[in-house]
Amino acid sequence: MKRLSLLLAGIAAIAATPAAAQTVAITGGRVVIGDGSEPIDGGTVVIRDGRVLAAGANVAVPAGAQVVDARGKWVTPGVVAGFSRIGLVEVDAVDATNDVQAANSPFNAAIDVAPAVNPEATAVQVSRAAGVTRAVVSPGTARSIFGGQGAVIDLAGDMQPITRARLFQYVELGEEGAGDAGGSRASAHVLLRNALREARELSRPAGRPDDVLLTRADATALVEVLAGRQLLLVHVERASDILQVLALRGEFPTLRLVLVGATEGWRVAREIAAARVPVIANALNDLPASFEQLSATQSNVGRMRAAGINVAIGMINDDEARQVRLSTQYAGNLVALTRIPGATGLSWSQAFEAISSAPAEALGLGGEIGSLRPGRRGDVVIWDGDPLELSTGVDAVWIDGVRQSLENRQTRLRDRYRRPQEGALPHSYSPR
Amino acid sequence: MRGGFAAVAAAAGVLLFGCANQGAAPQAASGEPPARSSAPPRYQPPADPYPSTYRPYPGVPTAITGATIFDGEGGRIENGTVVMVDGRIQAVGGADTPIPEGATRIDGRGRWVTPGVIDVHSHLGDYPSPGVDAHSDGNEATNPVRSEVWAEHSVWPQDPGFSRALANGGITTLQILPGSANLFGGRGVTVRNVPGRTVQSMRFPGAPRGLKIACGENPKRVYGNRNTMPQTRMGNIAVFRATWQRAVEYRDRRARDANTPRDFQLETLAEVLDGRMLVHNHCYRADEMALMLDMGREYGFRIASFHHAVEAYKIADLLQQANSCAAMWSDWWGFKMEAYDAINENIPLVHNAGACAIVHSDDANGIQRLNQEAAKALADGRRMGIQISDEVAWRWLAINPANALGIADQTGSLRAGKRADVVLWNGNPLSVYTRPQQVWIDGAMMYDMNNPRLRPVSDFELGQPGEGDVK
Numbered sequence: 001m002k003r004l005s006l007l008l009a010g011i012a013a014i015a016a017t018p019a020a021a022q023t024v025a026i027t028g029g030r031v032v033i034g035d036g037s038e039p040i041d042g043g044t045v046v047i048r049d050g051r052v053l054a055a056g057a058n059v060a061v062p063a064g065a066q067v068v069d070a071r072g073k074w075v076t077p078g079v080v081a082g083f084s085r086i087g088l089v090e091v092d093a094v095d096a097t098n099d100v101q102a103a104n105s106p107f108n109a110a111i112d113v114a115p116a117v118n119p120e121a122t123a124v125q126v127s128r129a130a131g132v133t134r135a136v137v138s139p140g141t142a143r144s145i146f147g148g149q150g151a152v153i154d155l156a157g158d159m160q161p162i163t164r165a166r167l168f169q170y171v172e173l174g175e176e177g178a179g180d181a182g183g184s185r186a187s188a189h190v191l192l193r194n195a196l197r198e199a200r201e202l203s204r205p206a207g208r209p210d211d212v213l214l215t216r217a218d219a220t221a222l223v224e225v226l227a228g229r230q231l232l233l234v235h236v237e238r239a240s241d242i243l244q245v246l247a248l249r250g251e252f253p254t255l256r257l258v259l260v261g262a263t264e265g266w267r268v269a270r271e272i273a274a275a276r277v278p279v280i281a282n283a284l285n286d287l288p289a290s291f292e293q294l295s296a297t298q299s300n301v302g303r304m305r306a307a308g309i310n311v312a313i314g315m316i317n318d319d320e321a322r323q324v325r326l327s328t329q330y331a332g333n334l335v336a337l338t339r340i341p342g343a344t345g346l347s348w349s350q351a352f353e354a355i356s357s358a359p360a361e362a363l364g365l366g367g368e369i370g371s372l373r374p375g376r377r378g379d380v381v382i383w384d385g386d387p388l389e390l391s392t393g394v395d396a397v398w399i400d401g402v403r404q405s406l407e408n409r410q411t412r413l414r415d416r417y418r419r420p421q422e423g424a425l426p427h428s429y430s431p432r
Numbered sequence: 433m434r435g436g437f438a439a440v441a442a443a444a445g446v447l448l449f450g451c452a453n454q455g456a457a458p459q460a461a462s463g464e465p466p467a468r469s470s471a472p473p474r475y476q477p478p479a480d481p482y483p484s485t486y487r488p489y490p491g492v493p494t495a496i497t498g499a500t501i502f503d504g505e506g507g508r509i510e511n512g513t514v515v516m517v518d519g520r521i522q523a524v525g526g527a528d529t530p531i532p533e534g535a536t537r538i539d540g541r542g543r544w545v546t547p548g549v550i551d552v553h554s555h556l557g558d559y560p561s562p563g564v565d566a567h568s569d570g571n572e573a574t575n576p577v578r579s580e581v582w583a584e585h586s587v588w589p590q591d592p593g594f595s596r597a598l599a600n601g602g603i604t605t606l607q608i609l610p611g612s613a614n615l616f617g618g619r620g621v622t623v624r625n626v627p628g629r630t631v632q633s634m635r636f637p638g639a640p641r642g643l644k645i646a647c648g649e650n651p652k653r654v655y656g657n658r659n660t661m662p663q664t665r666m667g668n669i670a671v672f673r674a675t676w677q678r679a680v681e682y683r684d685r686r687a688r689d690a691n692t693p694r695d696f697q698l699e700t701l702a703e704v705l706d707g708r709m710l711v712h713n714h715c716y717r718a719d720e721m722a723l724m725l726d727m728g729r730e731y732g733f734r735i736a737s738f739h740h741a742v743e744a745y746k747i748a749d750l751l752q753q754a755n756s757c758a759a760m761w762s763d764w765w766g767f768k769m770e771a772y773d774a775i776n777e778n779i780p781l782v783h784n785a786g787a788c789a790i791v792h793s794d795d796a797n798g799i800q801r802l803n804q805e806a807a808k809a810l811a812d813g814r815r816m817g818i819q820i821s822d823e824v825a826w827r828w829l830a831i832n833p834a835n836a837l838g839i840a841d842q843t844g845s846l847r848a849g850k851r852a853d854v855v856l857w858n859g860n861p862l863s864v865y866t867r868p869q870q871v872w873i874d875g876a877m878m879y880d881m882n883n884p885r886l887r888p889v890s891d892f893e894l895g896q897p898g899e900g901d902v903k
């Protein structure tokens with residue numbers, strides 16, 4: 001009985017809501033604002049009422065603030081996963097735990113991922129422990145080019161994960177879109193244009209025509225896209241496919257486009273920059289993994305950035321449900337490219353920007369998340385070294401100003417098997 | 433395990449020639465004179481069909497000086513010198529190491545030198561890029577027992593992935609395996625990471641072949657979905673045992689009667705039973721690895737390495753006792769149930785138990801960053817209090833995989849006399865900011881980041897957008 005009560009106490013400790021947001025001053029660390037500016041040594045970050053009050057040098061510590069000594073540490077905004085499916089999956093291959101796509105649903109564009117997000121998914125805990133505090137969460141497509149409406153979530157240990165629901169519509173227009181559309185890119189483009197026309201026709205005084213393809217719910221969902229009130233995230237990889245996406249604005253000038261993937265973006269970087277369309281790209285694609293990625297190179301992100309494009313790092317079809325914690329490693333690799341003749345990488349500050357404020361800006365949330373500029377959400381990470389370096393670990397995480405637990409089932413397993421042999425009792429009896 | 437290569441190769445020579453002679457034995461035993469009739473000569477299988485035609489490319493005597501050396505066996509030399517002559521390591525030592533007259537000198541100050549990285553688990557060539565159906569050559573998923581297939585008969589030498597592994601990962605040797613749809617996936621092949629027109633021209637001369645076997649979810653899913661055996665983990669083991677039993681009986685029958693019809697499926701397994709082929713076992717869960725170790729004892733073979741082994745940390749002591757390596761990712765997890773209990777500290781925990789730990793890729797992207805995978809695992813281990821030095825951790829990428837592949841007397845460390853498989857890194861290779869600067873295979877410089885002409889371009893990439901680009 002004693003053991004049981006100990007166990008229950010342990011569970012309560014995990015489940016308890018973290019302490020409410022209080023005023024915190026993190027002092028003495030190397031502060032990274034996350035907007036591409038250079039790190040500031042010996043800076044202070046103040047979080048109050050769940051928001052960043054101030055960050056930088058010569059920032060006063062408010063009276064009564066809890067002071068956290070970060071000397072010798074790095075202090076940054078939390079990492080923003082630029083493209084993910086975190087919270088939608090517990091185990092990929094266990095269908096019942098995988099809410100990414102709905103192959104047998106009668107709906108597509110109307111689907112909203114927000115109700116499916118599980119804030120207690122192991123991937124949420126594991127990613128948080130690696131310094132990821134927010135994530136763009138997208139549905140996947142199955143039998144339509146439309147995946148549905150995606151969200152931005154936080155990775156805090158509470159039951160309210162949604163930062164913004166229905167922030168964007170997700171659509172496939174490359175090889176996958178061609179498959180979803182019945183077999184060709186041309187069909188995918190007709191489907192998209194037809195869908196947007198059907199959304200437009202919803203507001204006709206005469207009502208909907210008889211020969212519609214979309215359900216009313218799907219057409220209704222696209223009204224916001226058509227009006228430019230909801231972003232349209234388009235996944236394409238091939239250079240010519242990218243140009244076709246940019247051309248959509250000729251017919252639908254109000255679309256607010258974001259390119260997702262864009263492995264061959266470097267080859268049409270001038271056009272993307274001129275269209276002022278942001279890109280969420282895989283960082284390290286360098287193989288012709290498919291015929292739409294023939295010119296893949298790790299220099300893609302750097303070359304697009306050099307062309308003036310706002311490029312964020314995302315994980316598109318790259319363990320996006322579980323491994324967004326690799327964002328820092330990927331960003332570091334882009335810095336490594338700056339030392340390879342002929343390659344184009346990112347400066348350190350640009351690389352960190354690509355996993356913090358760049359994705360936030362691409363999603364129109366730069367005023368809310370992704371940096372330590374005043375007024376942003378209090379998502380702050382203390383690292384024990386350079387956050388992009390492989391040897392670095394996370395010391396502390398705040399989300400919305402609330403200090404977070406870094407424990408998860410992986411750390412619990414680690415602690416249980418520190419010594420593999422059983423002790424006086426089997427491992428199942430190991431105390432917390 | 434050192435010297436394993438020589439022992440296996442010697443055994444292979446004896447036994448393979450033995451087989452060839454056995455074919456002629458019945459004629460002699462019959463007492464009849466050699467046939468002069470018009471009867472066709474008896475078929476004599478070659479000892480080594482599809483033989484390696486690999487030849488090292490020419491190099492020049494080269495000395496790298498002033499570098500930090502990780503020798504691959506756990507040693508470290510500051511301000512060190514590595515000398516390569518005639519394709520071999522001639523000397524490794526400090527600043528006073530003699531340098532042959534006329535040798536090309538490379539200034540390694542501020543840089544690191546390691547042996548070439550070895551990946552024990554790759555599907556380059558049998559699941560190449562682009563990953564189209566027509567290239568899907570890794571799983572002969574037509575029967576759970578397919579020990580008669582050889583991965584080398586699927587390998588497409590023009591896979592662009594080989595060059596990425598060289599330039600970004602410093603990979604000089606890799607084992608290409610069949611997939612894990614089958615319990616017995618087939619033979620793997622160890623290759624030099626040198627582009628060739630044929631797979632034979634890549635084959636590591638004399639390296640033992642490996643047998644790929646798989647436990648767990650994949651075989652039971654593939655065949656269970658077809659309502660055929662195995663459909664369960666107990667079905668997996670039952671089919672395994674029935675097959676090993678057939679192999680034992682086949683081997684005994686062949687020993688008694690050389691006219692026993694050849695069975696390629698069982699011939700592969702007989703080579704395992706005879707200790708001439710190494711077993712590499714795709715296996716995630718701790719409990720299943722323990723069962724496979726017992727199966728090895730039941731039939732008298734050692735499992736050279738468990739691959740993926742995400743729960744190796746739970747039975748690191750058993751792996752140590754069995755002298756089986758665990759080849760692992762640093763942090764892959766959760767993509768299926770048997771990967772659910774993965775932890776970041778798996779590799780250092782296995783190492784810490786005295787077992788042989790290996791970092792592997794199983795992935796055309798991961799193979800470009802095995803050094804980074806080692807670095808992550810090392811750091812996570814240190815955070816839980818397992819203190820392993822950088823140079824000792826490099827064993828996970830060098831001598832340990834070389835041992836698991838039976839090639840440790842040829843490569844896997846910077847030792848005089850070994851093949852000159854060497855990477856010069858432009859910084860500490862356990863840093864995210866470091867890349868290979870130059871890579872030598874058998875003393876021939878096969879990559880130089882400063883020389884675009886030393887950047888291999890596969891046939892597939894010719895005439896395509898991005899041809900010859902830095903990747």
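Protein chains in written order, with our numbering: chain S, 1 to 432; chain A, 433 to 903.
Ideal Cβ placement from N, Cα and C applies to all residues, glycine included.
What you are looking at is a predicted structure, and each value in this text was computed from that prediction instead of being measured.
Check                                                                                                                          : Outcome
Under 8 Å by beta carbon: chain S residues contacting residue 826 of chain A                                                   : Near residue 826 of chain A there are no residues of chain S at all, since even the closest Cβ is about 14 Å away, more than 8 Å.
Chain A contact residues for residue 215 of chain S, given Cβ-Cβ distances below 8 Å                                           : In chain order: nothing, as chain A lies at least about 33 Å away.
Buried versus exposed call for residue 883 of chain A [16 or more other C-beta atoms within 10 Å across all chains shown]      : exposed
Enclosing alpha helix (DSSP H) for residue 727 of chain A [first to last residue]                                              : 718–731
Uninterrupted alpha helix (DSSP H) stretches inside the stretch 282–322 of chain S (no shorter than 4 residues)                : 300–306
CB contact below 8 Å: residue 458 of chain A versus chain S                                                                    : Its pLDDT being 39, under 50, residue 458 of chain A is placed unreliably by the model, and the measurement read from it follows with that caveat. Taking Cβ atoms only, chain S never reaches closer than 8 Å to residue 458 of chain A, which makes this a no.
Beta-bridge partners of residue 31 of chain S, as assigned by DSSP                                                             : S/40, S/75
Cβ-based neighbour list, residue 184 of chain S, same chain, cut-off 6 Å, excluding 5 preceding and 5 following                : 178
C-alpha gap between residue 189 of chain S and residue 225 of chain S, whole angstroms                                         : 16 Å
Length of the line joining the Cα atoms of residue 905 of chain A and residue 236 of chain S                                   : With chain A represented from 433 up to 903, any question about residue 905 of chain A goes unanswered, as that position is not in the structure.
Where residue 420 of chain S falls: helix, strand or coil (DSSP)                                                               : coil
Of the listed residues S/299, S/101, S/198, nearest to residue 901 of chain A (C-alpha basis)                                  : S/299
Amino acids of chain A, ordered along the chain, whose beta-carbon sits closer than 7 Å to that of residue 389 of chain S      : 863, 864
Anticipated Cβ contact below 8 Å, residue 400 of chain S with residue 378 of chain S, distance rounded                         : 6 Å
Residue 458 of chain S classed as buried or exposed, judged by whether at least 16 other C-beta atoms fall within 10 angstroms : In this structure chain S extends from 1 to 432, so residue 458 of chain S is not present and cannot be described.
Inter-residue CB distance, residue 30 of chain S and residue 80 of chain S (contact presumed, cutoff 8 Å)                      : Wrong, their Cβ atoms sit about 20 Å apart, outside the cutoff.
Within-8 Å CB hit, residue 146 of chain S to chain A                                                                           : no
Proximal residues, the stretch 737–765 of chain A versus chain S, C-beta separation under 7 Å                                  : 745, 746, 747, 748, 749, 765
Integer Cβ distance of residue 856 of chain A from residue 540 of chain A, believed to fall under 8 Å                          : 6 Å
Where the stretch 555–573 of chain A meets chain S: residues whose CB sits under 8 Å from a CB there                           : 561, 562, 563, 564
For residue 318 of chain S and residue 410 of chain S, the rounded distance between their alpha carbons                        : 21 Å
Exposure of residue 229 of chain S, with buried meaning 16 or more beta-carbon neighbours within 10 Å                          : exposed
Residue 815 of chain A vs residue 393 of chain S beta-carbon contact at 8 Å                                                    : yes
Closest residue to residue 638 of chain A among A/575, A/677, A/487 (Cα-Cα distance)                                           : A/487
Cβ contact check for the stretch 562–578 of chain A and the stretch 844–856 of chain A: 3 or more pairs under 8 Å              : no
Cross-chain neighbours of residue 652 of chain A in chain S, by beta carbon under 8 Å                                          : Within chain S, no residue comes near residue 652 of chain A; the closest Cβ sits about 13 Å away, beyond 8 Å.
Proximity winner among S/407, S/413, S/426, relative to residue 478 of chain S (alpha-carbon distances)                        : Outside the displayed range of chain S (1 to 432) lies residue 478 of chain S, so it cannot be described from this structure.
Rounded straight-line distance, which links the Cα of residue 219 of chain S to that of residue 107 of chain S                 : 10 Å
Proximity of residue 363 of chain S and residue 167 of chain S at Cβ, strictly below 8 Å                                       : yes
Three-state class that DSSP yields for residue 698 of chain A in the structure shown                                           : helix
8 Å Cβ cutoff, residue 305 of chain S in contact with chain A                                                                  : no
Residues that residue 149 of chain S bridges to, as DSSP identifies them                                                       : S/112, S/169
Stretch-stretch touch, CB-based, cutoff 8 Å, three pairs: the stretch 576–596 of chain A with the stretch 615–626 of chain A   : yes
Whole alpha helix (DSSP H) elements within the stretch 185–263 of chain S, 4-residue minimum                                   : 185–201, 216–226, 239–251
CA-to-CA distance, residue 903 of chain A to residue 691 of chain A, given in whole angstroms                                  : 54 Å
Span of the beta strand (DSSP E) around residue 622 of chain A                                                                 : 616–624
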